[in-house]
Amino acid sequence: MAAGAGHNPEDILAAYDYDLPPGRIAQHPARRREAARLMRLERASGLLEHGTIAELPSILRPGDLLVMNDTKVVPARLLALKPSGGLVEVFLLSPAQPVEVCPNGWETHQVLIRGKISHSTLYLQKNPQVELKLVEKKERGQALLAFPGSALKLAALFGSTPLPPYIKRPDGDKPLDKLRYQTVYAKRDGAVAAPTAGLHLSKNLLAKLQGLGVGLGYITLHVGYGTFAQPEAQDLAQGRLHGEWAEITPRLAAQHAACRAAGGRVIAVGTTSARALEWASASGRQLQAMNGLCGLLIAPGFVFQAIDGLLTNFHLPRTTLLMLVAALAGRQRVMAAYQEAVRLGYRFYSYGDAMLIL
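Residues -15 to 342 (our numbering) are what the sequence shown spells out, left to right.
Next comes the structure, spelled out in structure tokens:
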């Protein structure tokens, strides 16, 4: 059933609203990845417990499978010059998926342009010899822009870390963000936002979990800019989200089947991993190896097939991410847990603390 079927979408979103003092929004990562706080929510009873990410080895069990998203954040923010010398920001929306690749090697990409443009040519600020050609202007600052070659390579050379809009620093991103706004297992270029639950996991912590018999598996879902956007009414009514490229490998499908057969728990690290796993387990099938655009919307009423638990950060109000968490643990319990997190001083959003739902 679609999330908005028979209901006003505005009323649906209002049910996931909450008050958050601005000071609770984390502007910097924790000193160490595993030092972040961890709120545990028991699905069956609603019991809350409090600790740190470092305690995961005492919480997870041998035979459990931890599934992580190995997408890699691309430095997708580019500064460009207009012919007049004025500055605009070009944000690659799907850097790994060009809209078109021309025979001469030029790539056309969907971008978000911050700043007014009236000419068809822009020049990269860090290398003005590189020209960008405007193909089409769209609504709300979006456009199609042609790049002379691989946009991924140009971003790697001249781009900056695409920190979320709620991280507001007068001096912008720091060199540390390049390291900390990336998971330690990031491998496949393509995301414009980090799968933030995984930011808490260090190499040492993962090695410790593996040594205790916890399985480690990986999916890929390239997180798009839509993760920061408010869901539109038509998306809620039709039960779909913006599509993001995802892949479930045969290896992960085999790990998933073995875990379930042995009675282990499958725990998704982040909502992106949860969505990809459930997308590949549609209609109650065993997890399938597949790839393509994942537009699955998970909201209360959804029947989970692929996961038994979720490690996730604290999400923005009125978002489909919060709806997914509520679908797993119950809206009232989740909203009450968020109130408790605010009261106890938990840090929210991308660089904030985490919640484990089991």
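We put the beta carbon where it would ideally sit given N, CA and C, even for glycine.
| field | Whether Ala178 touches Gln166 by CB criterion (9 Å) | value | Counting from one through the sequence shown, the residue named residue 178 turns up at place 194. Counting from one through the sequence shown, the residue named residue 166 turns up at place 182. The answer is yes: Cβ separation under 9 Å.
| request: Would you grab the beta carbon distance between Asn53 and Thr256 for me? Rounded to a whole angstrom, and I think it's under 8 Å. | output: What you label residue 53 is simply residue 69 of the sequence shown in a count that begins at 1. What you label residue 256 is simply residue 272 of the sequence shown in a count that begins at 1. By a beta-carbon distance limit of 8 Å, Asn53 contacts Thr256. Their separation comes to about 5 Å.
| Roughly how many whole angstroms lie between the Cα atoms of Leu305 and Ala64? | Stepping through the sequence shown from its first residue, residue 305 is reached at position 321. Stepping through the sequence shown from its first residue, residue 64 is reached at position 80. Counting only the Cα atoms, Ala64 lies some 32 Å from Leu305.
| One or two residues paired with Met23 in a DSSP bridge | Walking along the sequence shown from the start, residue 23 turns up at place 39. Looking at the DSSP assignment, Met23 forms a beta bridge with His34, Met339.
| message | Rounding to the nearest angstrom, what Cα-Cα distance links Gly143 and Gly247 in this structure? | response | Sequence index remark: in the sequence shown, residue 143 carries index 159 (1-based). Sequence index remark: in the sequence shown, residue 247 carries index 263 (1-based). One C-alpha to the other measures close to 45 Å.
| said: Assuming contact is defined by CB atoms lying nearer than 9 Å, are Val318 and Pro5 in contact in what I supplied? | reply: As a first step, residue 318 must be located in the sequence shown, where it is residue number 334. As a first step, residue 5 must be located in the sequence shown, where it is residue number 21. No.
| query | Quick one: Cα of Leu308 to Cα of Lys122, how far? | reply | If you number the sequence shown from 1, residue 308 lands on position 324. If you number the sequence shown from 1, residue 122 lands on position 138. Approximately 30 Å between the Cα atoms of the pair.
| query | Taking three-plus beta-carbon pairs below 8 Å as touching, is the region 189 to 196 in contact with the region 35 to 44? | reply | Yes: the two stretches touch, three or more of their Cβ pairs being nearer than 8 Å.
| query | Is the number of C-beta pairs between the region 72 to 86 and the region 323 to 340 that are closer than 8 Å three or more? | reply | The region 72 to 86 vs the region 323 to 340: no contact.
| task | Identify, in the order they occur along the chain, each residue of the same chain with its Cβ nearer than 6 Å to the Cβ of Ala311, setting aside the five sequence neighbours on each side. | result | Residue numbering aside, residue 311 sits at position 327 when the sequence shown is read from its first letter. Cβ within range, chain order: Ile282, Ala283, Pro284, Phe286.
| request: Please say whether Leu141 and Leu129 have beta carbons closer to each other than 9 Å? | output: Residue 129 sits at position 145 when you count from the first residue of the sequence shown. Residue 141 sits at position 157 when you count from the first residue of the sequence shown. No, these two residues do not count as a Cβ contact at 9 Å.
| message | With a threshold of 8 Å on Cβ separation, who are the neighbours of Ala241 within its own chain once the five nearest residues in sequence on each side are excluded? | response | Taking the first residue of the sequence shown as position 1, residue 241 is located at position 257. Short of 8 Å from the beta carbon of Ala241, and not among the five residues preceding or following it, lie these beta carbons of its own chain, in chain order: Gln270, Leu271.
| task | Pull up the distance between the alpha-carbon of Leu196 and that of Gly314, whole angstroms please. | result | As a working note, residue 196 is residue 212 in the sequence shown. As a working note, residue 314 is residue 330 in the sequence shown. Distance from the CA of Leu196 to the CA of Gly314, rounded to the nearest whole angstrom, comes to 31 Å.
| said: According to DSSP, Gly201 sits in a beta bridge with which residue or residues? | reply: As a first step, residue 201 is located in the sequence shown; it is residue number 217 there, counting from the start. Under DSSP, the beta-bridge partners assigned to Gly201 are Val51.
| task | Would you kindly work out how many angstroms separate the C-alpha atoms of Ala266 and Tyr150, rounded to a whole number? | result | What you label residue 266 is simply residue 282 of the sequence shown in a count that begins at 1. What you label residue 150 is simply residue 166 of the sequence shown in a count that begins at 1. Near 34 Å, if we compare the C-alpha coordinates of Tyr150 and Ala266.
| How would you call Ala135, buried or exposed, if buried means at least 16 neighbouring beta carbons within 10 angstroms? | Here residue 135 refers to the residue found at position 151 when the sequence shown is read from its first residue. By the 10 Å Cβ count, Ala135 comes out buried.
| query | Which two residues bound the contiguous alpha helix (DSSP H) that contains His12? | reply | Numbered from 1 along the sequence shown, position 28 holds the residue referred to as residue 12. Where His12 is concerned, there is no enclosing alpha helix (DSSP H), because DSSP gives it neither an H nor an E.
| query | For the candidate residues Pro13, Gln109, Asp1, whose alpha-carbon lies nearest to that of Asp157? | reply | Taking the first residue of the sequence shown as position 1, residue 157 is located at position 173. Among Pro13, Gln109, Asp1, the Cα nearest to that of Asp157 is on Pro13.
| said: Check this for me: beta carbons of Arg249 and Gly47, under 9 Å apart or not? | reply: Within the sequence shown, residue 249 is the residue found at index 265, counting from 1. Within the sequence shown, residue 47 is the residue found at index 63, counting from 1. Against a cut-off of 9 Å, the Cβ pair of Gly47 and Arg249 comes out as a contact.
| message | Once the 5 residues before and after Lys162 are set aside, which same chain residues still bring their CB inside 8 Å of it? | response | Along the sequence shown, read from residue 1 onward, the residue named residue 162 stands at position 178. These residues qualify, in order along the chain: Pro59, Thr145.
| query | Cα separation between Lys152 and Gly7? | reply | Taking the sequence shown and counting its residues from 1, one reaches residue 152 at position 168. Taking the sequence shown and counting its residues from 1, one reaches residue 7 at position 23. Lys152 and Gly7 have their C-alpha atoms spaced approximately 11 Å apart.
| query | Where Val198 and Gln109 are concerned, what is the direct C-alpha to C-alpha distance, given to the nearest angstrom? | reply | Counting from one through the sequence shown, the residue named residue 198 turns up at place 214. Counting from one through the sequence shown, the residue named residue 109 turns up at place 125. Taking the straight line joining both Cα atoms gives about 47 Å.
| query | When every heavy atom of the ligand GDP is checked, does at least one fall within less than 8 Å of the C-beta of Arg15? | reply | The ligand GDP is absent from the structure shown, which contains no ligands of any kind.
| DSSP state of Cys278 mapped onto helix, strand, coil | Taking the sequence shown and counting its residues from 1, the one referred to as residue 278 is at position 294. It is a strand residue.
| task | Spatial neighbours of Arg98 within its chain, please: CB distance less than 6 Å, with the 5 preceding and 5 following residues excluded, ordered by chain position. | result | For the purposes of this step, residue 98 is taken as residue 114 along the sequence shown, with counting starting at 1. Once the five neighbours on either side are set aside, the close Cβ partners of Arg98 are Glu73.
| Residues of its chain near Leu147, where Cβ-Cβ distance is below 7 Å and the 5 sequence neighbours each way are ignored | As a working note, residue 147 is residue 163 in the sequence shown. Result list for Leu147: Asp157, Asp161, Tyr165, in chain order.
| What are the complete beta strand (DSSP E) segments, minimum 3 residues, inside the region 40 to 120? | Runs found: 49 to 53, 55 to 57, 61 to 65, 71 to 76, 91 to 98, 105 to 108.
| request: Rounded to whole angstroms, what's the CA-CA distance from Gly(-10) to Glu231? Just pull it up for me. | output: Locating residue -10 in the sequence shown gives position 6, where the first residue counts as 1. Locating residue 231 in the sequence shown gives position 247, where the first residue counts as 1. Confidence is the limiting factor: at Gly(-10) the pLDDT is only 47, short of 50, which leaves the residue's position unreliable, though a coordinate-based value still follows. Distance from the CA of Gly(-10) to the CA of Glu231, rounded to the nearest whole angstrom, comes to 33 Å.
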